[in-house]
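Mapping to UniProt numbering: the sequence shown position 170 is 170, numbers consecutive.
Everything on this sheet refers to the single structure shown next.
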Amino acid sequence: MSITIADVAARAGVSKTTVSRVLNGKGELDMRTAERVRQVIAELGYVPSARAVGLARGRTRIVGMLVPSLTWPWMGEVLQGAVDVVESAGYGLLLFTCNRGEESMQQFASQVSAQSFDGLLVIEPEGTLAYIEQLHSRGLPVVLIDDRAKQPLFPSVATTNRAGGEAAAQHLLELGRRRPLVITGVDWFGCTQERLDGFRDTYAAAGIELDPQLVYEGDFTHDCGRKGVQQALDAGLKFDAIFAHNDLSAGGAIQAVRETGRNVPNDVSVVGFDDIPYAQHTEPPLTTVHQPMRLMGQAAAQMLMGYFDGKPMPAEPKVLPTTLIVRSSTAPVTARRT
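Structure below.
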């Protein structure tokens with residue numbers, strides 16, 4: 001049987017409250033009494049619950065993390081970045097997903113009410129931002145990861161989505177690609193509009209207006225990449241490049257192009273976004289815009305750990321830069337054109 005605080009109290013001839021005060025270093029105690037309690041703890045091999053000690057000290061030493069789903073391609077990188085920082089600081093991580101919709105959020109809310117964690121890291125599940133802002137206004141420290149251009153009322157970590165779109169466009173223009181097909185992400189995501197705006201404005205600055213018929217609204221899936229290409233081909237539209245708003249849809253686009261007998265990158269050059277591990281294993285390997293997802297997780301967790309150590313939260317979002325990674329899916333225009 002496990003040793004309890006009651007066992008320690010009985011052996012030492014003191015109350016459970018006295019044992020608790022010794023464990024937590026609270027209040028003034030007779031030195032001989034405190035020493036006797038510590039000796040009994042050592043003799044019995046009593047190990048106090050870390051959670052119980054934390055609560056007694058007014059802190060759980062647990063960080064909550066709320067995410068939409070673990071199936072998102074880059075989610076593991078963000079989680080690992082956060083965990084690296086949290087565990088190094090001696091905290092644990094309590095993870096919540098929204099896989100079951102309202103039921104999941106009710107379970108999360110119950111843990112909030114139970115004060116099960118000291119602060120919260122969030123990758124916003126759809127439709128929850130107002131609730132998260134409410135939790136923050138009530139005193140729960142919150143940091144949002146990937147703010148999707150929403151500028152929340154609490155600290156956040158973001159990346160340069162617009163600059164990433166600009167870099168993709170500039171690269172394709174330098175290769176002589178003048179008729180790009182754009183396969184966007186989900187329309188209501190701020191990052192989708194930022195990537196599209198950066199890409200479109202860079203082409204406009206070069207005197208080239210994007211053909212509206214060559215802008216296909218996708219949903220960040222492999223299948224939408226295939227459908228975007230097929231829709232353009234069915235409509236008889238010509239294009240010599242593709243900018244997909246994530247690597248999965250870029251992979252689907254590459255597959256669809258190659259199935260028509262066209263060559264990637266010579267007939268159609270393809271650029272993705274994210275730089276997930278999959279990008280290195282498409283055929284050919286994918287040129288893409290790298291998002292520093294692990295660094296974003298680390299930065300968000302560092303904000304929270306700093307707050308616990310008495311440092312103020314930053315007033316402005318922390319923005320980490322994207323980087324264009326050039327691989328074999330892009331090449332200069334040749335005599336063959338789509």
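Backbone N, C-alpha and C define an ideal beta-carbon position, used for all residues, glycine too.
If you're wondering where the values come from, they're calculated on a predicted model, not measured in any experiment.
By the criterion of at least three beta-carbon pairs nearer than 8 Å, the segment 279–297 is in contact with the segment 151–166. For LYS227, there is no enclosing beta strand (DSSP E); the residue is part of the alpha helix (DSSP H) that begins and ends at 222–234.
For the set ASP84, MET75 and ASP118, the Cα lying nearest the Cα of THR97 is the one of MET75. Around the C-beta of ARG32, fewer than 16 other C-beta atoms lie within 10 Å, and the residue is accordingly described as exposed.
With distances taken between CA atoms, CYS224 lies nearest to HIS245 out of GLU209, HIS245 and ALA6. In the displayed model, ASP7 falls within a helix according to three-state DSSP.
Note that the segment 265–276 does not touch the segment 103–122; fewer than 3 beta-carbon pairs, one per stretch, sit closer than 8 Å.
Between VAL63 and GLY139 the beta-carbon gap is near 16 Å, outside 8 Å, which marks them as no contact.
With a threshold of 16 other beta carbon atoms within 10 Å, ASP187 falls short and is exposed. Uninterrupted beta strand (DSSP E) stretches at least 3 residues long and entirely within the segment 65–99 occur at 92–97, given in chain order. Looking at ALA206, VAL289 and GLN193, the one whose alpha-carbon comes closest to that of ARG178 is ALA206. In this structure, the beta-carbon distance from LEU95 to SER116 does not fall below 8 Å.
About 6 Å separates the CB atoms of ASP247 and LEU286; that is less than 8 Å, so the two are in contact. Within 10 angstroms of the beta-carbon of ASP30 lie fewer than 16 other beta-carbons, which makes it exposed. VAL182 places its beta carbon 8 Å or farther from that of VAL229. In this structure, the beta-carbon distance from PRO73 to ILE254 does not fall below 8 Å.
Within 10 angstroms of the beta-carbon of ARG100 lie fewer than 16 other beta-carbons, which makes it exposed. Around the beta carbon of LYS311, fewer than 16 other beta carbons lie within 10 angstroms, which makes this residue exposed. Restricted to the segment 284–308, the alpha helix (DSSP H) segments that are unbroken, complete and at least 4 residues in length are 293–308, listed in chain order. Proximity to GLY236 across GLN213, ASP219 and ARG258 peaks at GLN213, based on C-alpha coordinates. Annotated as distal: LEU135 and VAL143, with beta-carbon spacing of 8 Å or more. Check the Cα spacing between GLN302 and each of ILE132, ILE145 and LEU23: the tightest is with ILE145.
Following the DSSP letters along the chain, one finds PHE108 inside the alpha helix (DSSP H) bounded by residues 102–113. In this structure, VAL289 places its C-beta atom within 8 Å of the C-beta atom of GLY164. Annotated as distal: VAL78 and MET305, with beta-carbon spacing of 8 Å or more. A check of alpha carbon separations from ALA250 across SER329, ILE41 and ALA204 identifies SER329 as the nearest. Bridge partners of GLY185 according to DSSP: none are assigned. Going by beta carbons, ASN161 and GLU194 fall inside the 8 Å limit. As the crow flies, the alpha-carbon of THR4 is around 49 Å from that of GLN291.
For ALA12, the CB contacts under 6 Å within the same chain, skipping 5 residues up- and downstream, are ARG36, VAL37 and VAL40 in chain order.
Contact annotation: MET65 and ALA42 have beta-carbon atoms that are not nearer than 8 Å.
Around the CB of LEU70, fewer than 16 other CB atoms lie within 10 Å, so the residue is classed as exposed. For TYR131, the uninterrupted alpha helix (DSSP H) segment begins and ends at 129–137. In its chain, beyond the 5 residues on either side, VAL67, PRO68, VAL78, ILE145 and ASP146 have a beta carbon closer than 7 Å to the beta carbon of ILE123.
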